[in-house]
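Visitor: I have a structure I would like to understand better, so I am pasting it below and will then ask my questions one at a time.
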Amino acid sequence: MVYTYREEITGFAAWITQSELKTMESVDGFLLANKDRELEIRTTYTPKLLGLEIDGGMWYESFYGHDKIIAVIDTGVKPTHPSFSGQGMAPAPKKWNGTCYWTAAPPLCNNKIIGAKAFEGGHNASPLDIEGHGTHTASIAAGNFVYNVAEVLGNARGTSSGIAAKAHLAIYKASTDGSLLKAIDEAIRSKVDVISMSLGDALPNFDANSIVIGSFAAVTKGIVPCAAAPNSGPYEGTIDNDAPWIITIGAASTDRRIKATVKLGDGREFDGESAYHPSNYGSPELPLVSVLRCFGDTLNDAESKGKIVLCNADGDATQTGENVLKAGGLAMILLGDSGNTTFAHPHVLPASYVTEYAGEQILDYSSSINPTASIIFKGTQFNERPSPAAATFSGRGPSYFNGGIIKPDVIAPGVNILAAWPFEIGLNHTGTHLTFSFQSGASMATPHVAGVAALLMHNHPTWTAAEIKSSIMTTAHAVDADDNPIEDQSVGKKASVYAIGSGHIDPIAANDPGLVYNIKTHDYIRYLCGSGLFDDKEVSAIVRGNITCSTIRELKVEELNYPSIGVTLSAASVMKTVRRTVTNVGDDDTTFTVDFDEPKGVNIIVTPVVLHFNKAREEKSFDVTLSFKSVPMPANEASDGQLSWKSGKYLARIPIVVTFA
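Under our numbering, the first residue of the sequence shown carries the number 192, and numbering increases by one thereafter.
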């Protein structure tokens, strides 16, 4: 026996043989068994970028998330990092029912990290982070303030903090389905408020997915589960963690760049990034050589010595730099393969990571006669455009396994995010430096949203988990800082709904959304039964109950009161009407008027076009009818639009996707 579960499922994890499993299957009450699998692991500036620092604003109103508990399920934590200091923190809330692995003196749990457990590595395993990922994500969600000294190799210096800087942390170390399910079980029992999961399982089946099953149990207890989209973009259909009760989060760029500009001998310049900006570097013009596959056994010393070496950015950047350095190269240009997304790596020599387009131009120039180049280090730059943009690597919808609900739900900062790191990086380790690092991924975007959820829960303690989620989604922006449609960095064009979901989060607007779309827990069960994707046994496994769908009033997928609309039209079904119900969480005596952008080839009729609310918590319903404009559109194509309810003060917007079959 490895674990027993009591909160999300009635069951256990154990090492058993196939013959023992066969015997168990004949036992009365047996439902199903799933094989354990390894999971994939998927800041000085972003609180300011998100508007949290405004005087008298959301940080002030929510007291930085005071009294809320965020569970971070990841690779553990380095508890001695200053981001996890208990200074200025209140004691754990009275409801807290968890434990800390570190009980010996000196105490490593405190008023910041109030709980820590590991569910891997055998009995009495340590939640100490030996990889870095968990330390980074935990500090983004709720790291304490580290004043004026947070930086990476001298860049992006400032005050570091998490999004919910005064919230408490419960750290759970897990890396397999079984251990993650046990971690969620422990988080529920310990009475956390939010769960942040920057990991995932590509297995699509809801009934075999620990994040899906555990998150459903969490939602029934009023806990908000946040989970990362995979880093497998830009291709469509690369989304998971896509159950409707989870906030599924993709990654976006910010307007900060740690700029390292490549200047070619012909005068052209291309901006790239690097976390390592050497001091007193004169940006010498050096011969340029194209090697591309810069592995240790492919680099020729005579070819590379004294030159700037062009390398493909398809391996570990630090190792690639070490290979170039060993071969006598003086600098390196990494040719990006991620569209317009660039990364600030802690290189071991002067280097720049450039965009895919820039890389093509530089590579073409390198074949000219006597090519030369230099790298000009410009430090930390802000107000770069376009921003935000959907990161190339961020997983895209549609989901092929939830019946057509739009995913991801939102995007959040996830490129070159500065946060706590357990180890020194770069050159010249002294053992005395405060350790921070830039990391990129939906893993970094997810704790941003988890932190926002904690702030919202502090300010709105009566809101349901679905209403917290709705407020984040309906106030997200589909336009960037210059009021242009958010760009997809993989193509340099307008991002689709499948790349950004509802858009980029706006915590300030989410704190006062006007309207929310609530979903009752039982409606998720009705959705599972009505989706046609699951049988009674599978639904029972997901929701921890004995479910017979024939006795339940089923909901079609598009009928779930989700803050987005996804439908399929075909020659056999040229029109569909869906109903949504909104709850007024804004001012009394408020009137909202509908506005919408029709998807290409689709007519929309909304009834009624005006909603008037006399008081808070009043509910109103509206119908949206979608039909072909003339003739059916080409099969297997999708078209997106949006629908908004507007008052003089509020704007609650939801995306629409129509798929043509």
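Cβ atoms here follow ideal geometry from the backbone N, Cα and C, with glycine treated the same way.
Would you say ILE438 and LEU360 are within 8 Å of each other, going by their C-beta atoms?
Guide: No. Outside cutoff.
Visitor: Does at least one heavy atom of the ligand ZN sit under 7 Å from the Cβ of HIS538?
Guide: Of ligands this structure carries none, so the ligand ZN is not represented either.
Visitor: For ARG771, which three-state DSSP category applies?
Guide: If DSSP states are grouped into helix, strand and coil, ARG771 belongs with the strands.
Visitor: Please state if the CB of ALA603 and the CB of GLY334 are separated by a distance shorter than 8 Å.
Guide: No; because the gap between Cβ atoms is not below 8 Å, this pair is not in contact.
Visitor: According to DSSP, ARG844 sits in a beta bridge with which residue or residues?
Guide: According to DSSP, which records beta bridges pairwise, ARG844 is partnered with SER835.
Visitor: Spell out the partners DSSP gives PHE627 in its beta bridges.
Guide: In the DSSP output, where bridge partners are listed per residue, PHE627 has ALA611.
Visitor: Distance, Cα to Cα, ASP398 vs ASN593?
Guide: Computed Cα separation, rounded: 12 Å.
Visitor: Use the C-beta contact count for SER857: other C-beta atoms within 10 angstroms, 16 or more gives buried, fewer gives exposed.
Guide: The displayed coordinates of the chain run from 192 to 852. Any statement about residue 857 would go beyond what the structure contains.
Visitor: Please classify ILE232: is it buried, with 16 or more other beta-carbons within 10 angstroms of its beta-carbon, or exposed?
Guide: Low confidence applies here, because ILE232 scores a pLDDT of 45, under 50, leaving its location unreliable; read the following figure in that light. Buried, because 16 or more other Cβ atoms sit within 10 Å of the Cβ of ILE232.
Visitor: On the criterion of 16 or more Cβ atoms from any shown chain inside 10 Å, does ASN618 qualify as buried, or is it exposed?
Guide: For clarity, residue 618 is Leu in the given sequence; the question names Asn instead. Answer is exposed; the Cβ neighbour count stays below 16.
Visitor: Within 8 Å, do at least three Cβ pairs link the stretch 510-527 to the stretch 477-490?
Guide: A contact exists between the stretch 477-490 and the stretch 510-527.
Visitor: Counting along the chain, where does the alpha helix (DSSP H) carrying MET388 start and finish?
Guide: Looking at the DSSP string, MET388 is not in any alpha helix (DSSP H); the run it does join, the beta strand (DSSP E), is 385-388.
Visitor: Do the CB positions of TRP287 and PRO270 come within less than 8 Å of each other?
Guide: Not in contact: TRP287 and PRO270 (Cβ atoms no closer than 8 Å).
Visitor: Taking the straight line between their C-alpha atoms, what separation do you get for ALA669 and HIS327?
Guide: So the two alpha carbons sit approximately 27 Å from each other.
Visitor: Quick one: Cα of SER661 to Cα of TYR753, how far?
Guide: Rounded to whole angstroms, SER661 to TYR753 spans 8 Å at the Cα level.
Visitor: List the residues that DSSP assigns as beta-bridge partners of SER818.
Guide: The partner list for SER818 (beta bridge, DSSP) reads MET766 and ASN794.
Visitor: Excluding five sequence neighbours on each side, which residues of the same chain lie with their C-beta closer than 7 Å to the C-beta of ASP505?
Guide: Excluding sequence neighbours, ASP505 sits near ASP528.
Visitor: Counting C-beta neighbours from all protein chains within 10 Å, is the total for ILE796 16 or more, i.e. buried, or is it exposed?
Guide: The residue is exposed, with fewer than 16 neighbouring Cβ atoms inside 10 Å.
Visitor: Alpha carbons only, please: which of ILE743, SER543, THR533 and GLU311 is nearest the one belonging to ALA522?
Guide: Among ILE743, SER543, THR533 and GLU311, the Cα nearest to that of ALA522 is on SER543.
Visitor: Rounded to whole angstroms, what is the Cα-Cα separation between LYS259 and GLY353?
Guide: Going by the C-alpha atoms only, they are around 13 Å apart.
Visitor: Let me know the beta strand (DSSP E) ranges lying completely inside the stretch 296-379, each 3 residues or longer, listed in chain order.
Guide: If we require 3 residues or more, the beta strand (DSSP E) runs fully inside the stretch 296-379 come out as 304-309, 337-343, 346-351 and 359-364.
Visitor: Which residue wins for smallest C-alpha separation from VAL815, given the options GLU828, SER830, PHE804 and PHE787?
Guide: Of the candidates GLU828, SER830, PHE804 and PHE787, the one whose C-alpha sits nearest the C-alpha of VAL815 is PHE787.
Visitor: DSSP beta-bridge partners for TYR544?
Guide: Per DSSP, GLU464 and LEU525.
Visitor: Tell me which residues share the same chain as SER276 and place their Cβ nearer than 7 Å to its Cβ, disregarding the 5 neighbours each side in the sequence.
Guide: Correct list, in chain order: LYS303 and ASN335.
Visitor: Any idea if GLU551 is buried or exposed, counting beta-carbon neighbours within 10 angstroms, 16 or more meaning buried?
Guide: Burial call: exposed.
Visitor: Rounded to a whole number of angstroms, what is the C-alpha to C-alpha distance between SER848 and ASP697?
Guide: A small correction: the amino acid at residue 848 is Val; Ser does not occupy that position in the sequence shown. Near 22 Å, if we compare the C-alpha coordinates of ASP697 and VAL848.
Visitor: Give me, in chain order, the residues of the same chain whose beta-carbon lies closer than 8 Å to that of ASP446; leave out the 5 immediate sequence neighbours on both sides.
Guide: Closer than 8 Å at Cβ, skipping near neighbours: LEU240, PHE573, ASN574, GLU575, ARG576, SER578, PRO579 and ALA672.
Visitor: Would you say the stretch 830-845 touches the stretch 691-709, given that touching needs at least three Cβ pairs under 8 Å?
Guide: The stretch 830-845 vs the stretch 691-709: in contact.
Visitor: Based on the DSSP secondary-structure assignment, which residues constitute the bridge partners of CYS502?
Guide: CYS502 is bridged to LEU483 and LEU525.
Visitor: Within its chain, find whatever has a CB closer than 6 Å to the CB of ILE616; leave out the 5 residues flanking it on each side and keep chain order.
Guide: Excluding residues within five positions, the ones whose Cβ falls inside 6 Å are PRO537 and SER628.
Visitor: Using a threshold of 8 Å, state whether the C-beta atoms of GLY530 and THR583 are closer than that.
Guide: Yes, they are a contact pair.
Visitor: Who pairs with ASP265 in a beta bridge, going by DSSP?
Guide: The partner list for ASP265 (beta bridge, DSSP) reads LYS364.
Visitor: ALA581 and ALA355 - do their beta-carbons sit closer together than 8 Å?
Guide: No, these two residues do not count as a Cβ contact at 8 Å.
Visitor: ILE379: buried (16+ other C-beta within 10 angstroms of its C-beta) or exposed?
Guide: When all chains shown are included, ILE379 counts as buried.
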